[in-house]
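Novice: Got a structure for you, written out below as structure tokens; questions coming shortly.
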Amino acid sequence: MLNLKPPYYKMKNIAEKLNEAQVQKKIDDDDGEDNEPKILDEAQVQADAFVDAVTGESDEYYKKWSAIVILGPFIPAVLSLIIIFSGQLVLNTWTGYCGYALPSFISAAITVCYLFLLIYSWVFIGTHIVIRFPLIGPRTIAVPFTSLKWVIFLYAVIGFGSFITWIVGTVLYNLAYFCQTTSPGLYNYTLFLIAIYWLFFSIIGLYMVKIFFGTKIGTVLRESTRDATVHEAELSVFEAKFAMFDPEKERMMKSEDFPAFLKELGIFVPEEEMETLISTFDPEETEKLKYDLMIDWFKKYLAEREDDILNDAPEDIPTDKEELAIYNAEKKKRLQEKINDRKKR
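If you count by the numbering used here, then the sequence shown holds residues 461 to 805, one letter each, in order.
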């Protein structure tokens, strides 16, 4: 069987014994405050850390993988039994002629199924097997699994071997097209093996992608399908208006076009501040304003403007829950109307 518990608790007891003297000393030296539970908790944390360091597998690791590794292969195990019995039957009863090694592929598939069932069954029935040899005495030739990582590793090896086997089988099947008429039973059974394997391979592959990358994929999908935020919408407007004044795609704008650009954005800048602002975007005096400097300025402008729109004086903010909800909805509506007006221009 999967013998995880004895070595785990054996090492945990070792860790607790290592901490026992230190914990007892702290309790004996207690100055009167009730800090014994805290000390014991610290010792427990140290013991757990010791176990994790020795085994390389924490409780969280077992919670995540134990069900997948132990119960997950049940359906593949049932299919393996079906393939073993049906494959042996086909190999013993097929008739006709096929010039390709389809029987060899079926034999290899049966071998892979046997190896998989051996590992899967050993998870549940594994035990110590000791054989006494005449000259060298008793020797242990098999032990139960003591680590989920070993089980996962062996499954991975079998999975890789099966992948190579079925790749070869798929190629042989495509080449043995004429066996469809000369040996239909052998040809059709090979098709069954290939179809059932690649179906489950796809299902398992998608499930593993979900385990390892599901969170990242979900985040990307949510980001790509969600509505643009107010800030993102404003930046999109800036990009579109800037492109109107940058036909050469140089990420630059002529300084003479800057007032018209501000008008498109709906931004008012006093005459006395215009020259200073333009020089900020054109420090080398090339009469071309740099996009990077302009977008940085626009982001700061958005932050200041949103503060002006949304951050009313404290005395203007209602305290009643219903009135506060209406107040927040109105603020959001006002800001969205400004964005929509700017998009229409």
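Backbone N, C-alpha and C fix where the C-beta goes; we use that ideal spot for every residue, glycine too.
1. Use the C-beta contact count for THR675: other C-beta atoms within 10 angstroms, 16 or more gives buried, fewer gives exposed.
2. Could you check if ALA507 is buried or exposed, using at least 16 other CB atoms within 10 Å of its CB as the buried criterion?
3. State the DSSP-derived secondary structure class of VAL590, mapped to helix, strand or coil.
4. From what residue to what residue does the beta strand (DSSP E) around PRO598 run?
5. Straight-line CA distance for ALA602 to ILE591?
6. For ALA537 and LEU575, which I take to be in contact (beta-carbon distance under 8 Å), what is that distance rounded to the nearest angstrom?
7. Cutting at 8 Å between CB atoms, please list the residues of its own chain near LYS750, excluding the five before and the five after it.
8. Might you give, ordered along the chain, the residues of its own chain that have their beta carbon closer than 7 Å to the beta carbon of ILE663, omitting 5 neighbours on each side?
9. Residues bridged to LYS750 by DSSP?
10. Relative to the C-alpha of ALA703, which candidate in LEU666, ILE755, SER526 has its C-alpha closest?
11. Check whether the Cβ atoms of SER622 and ALA569 lie closer than 9 Å to each other.
12. Is GLY645 near THR553, with beta carbons less than 9 Å apart?
13. Can you tell me whether DSSP reads ALA568 as helix, strand or coil?
14. Quick check on PRO533: buried or exposed, where buried means 16 or more other Cβ atoms within 10 Å of its Cβ?
15. Around the Cβ of ILE543, are there at least 16 other Cβ atoms within 10 angstroms (buried) or fewer (exposed)?
16. Could you spell out the range, first to last residue, of the alpha helix (DSSP H) harbouring THR642?
17. In the DSSP assignment, find the unbroken alpha helix (DSSP H) run with TRP610 in it and report its ends.
18. Answer yes or no: do TYR420 and LEU632 have a C-beta to C-beta separation smaller than 9 Å?
19. Can you say whether ALA763 is buried or exposed, counting buried as having 16 or more other CB atoms within 10 angstroms of its CB?
20. For VAL514 and TYR580, I'd like the C-alpha separation in whole angstroms.
21. By how many angstroms is the C-alpha of SER715 removed from the C-alpha of SER739?
22. Using 8 Å for Cβ pairs, my map puts THR600 next to ILE585. What's the rounded Cβ distance?
23. Helix, strand or coil for TYR560, going by three-state DSSP, please let me know.
24. In the DSSP assignment, find the alpha helix (DSSP H) that holds PHE741 and state where it starts and stops.
25. Within the continuous alpha helix (DSSP H) that includes GLU724, where are the two ends?
Specialist: The answer reads as follows:
1. When all chains shown are included, THR675 counts as exposed.
2. Caution applies to ALA507, whose pLDDT of 46 falls short of 50 and renders its modelled position unreliable; the value that the coordinates give is listed next. Counting the other Cβ atoms within 10 Å of the Cβ of ALA507 gives 16 or more, which makes it buried.
3. The three-state reading of DSSP puts VAL590 in strand, counting E and B together.
4. Following the DSSP letters along the chain, one finds PRO598 inside the beta strand (DSSP E) bounded by residues 597-602.
5. Going by the C-alpha atoms only, they are around 10 Å apart.
6. The pair is not a contact, with the Cβ atoms about 12 Å apart (cut-off 8 Å).
7. ARG711, MET712, PHE741, ASP742.
8. Contacts found: none.
9. DSSP lists MET712 as partners of LYS750.
10. Answer by Cα proximity: ILE755.
11. Result yes, Cβ atoms of SER622 and ALA569 sit closer than 9 Å.
12. Cβ atoms of GLY645 and THR553: closer than 9 Å.
13. ALA568 falls in the helix class under three-state DSSP.
14. Buried: at least 16 other Cβ atoms inside 10 Å.
15. By the neighbour-count definition (other C-beta atoms within 10 Å, threshold 16), ILE543 is a buried residue.
16. Counted as a single uninterrupted DSSP element, the alpha helix (DSSP H) harbouring THR642 occupies residues 639-642.
17. In the DSSP assignment, TRP610 falls within the unbroken alpha helix (DSSP H) covering 608-635.
18. No answer is possible for residue 420: the residues shown for the chain start at 461 and end at 805.
19. A residue is called buried when at least 16 other Cβ atoms come within 10 angstroms of its Cβ; ALA763 does not meet this threshold and is exposed.
20. Low local confidence applies: a pLDDT of 41 at VAL514 is under 50, so the model's placement there is unreliable, with the coordinate-based value given in what follows. Roughly 26 Å separates the two Cα atoms.
21. Pairing SER739 with SER715, the inter-Cα distance amounts to about 9 Å.
22. Contact between THR600 and ILE585 does not hold, since the beta-carbon distance rounds to 17 Å and is not under 8 Å.
23. Three-state result, TYR560: coil.
24. Boundaries of the alpha helix (DSSP H) harbouring PHE741: 731-741, taken from the DSSP string.
25. GLU724: member of the alpha helix (DSSP H) spanning 718-725, first to last residue.
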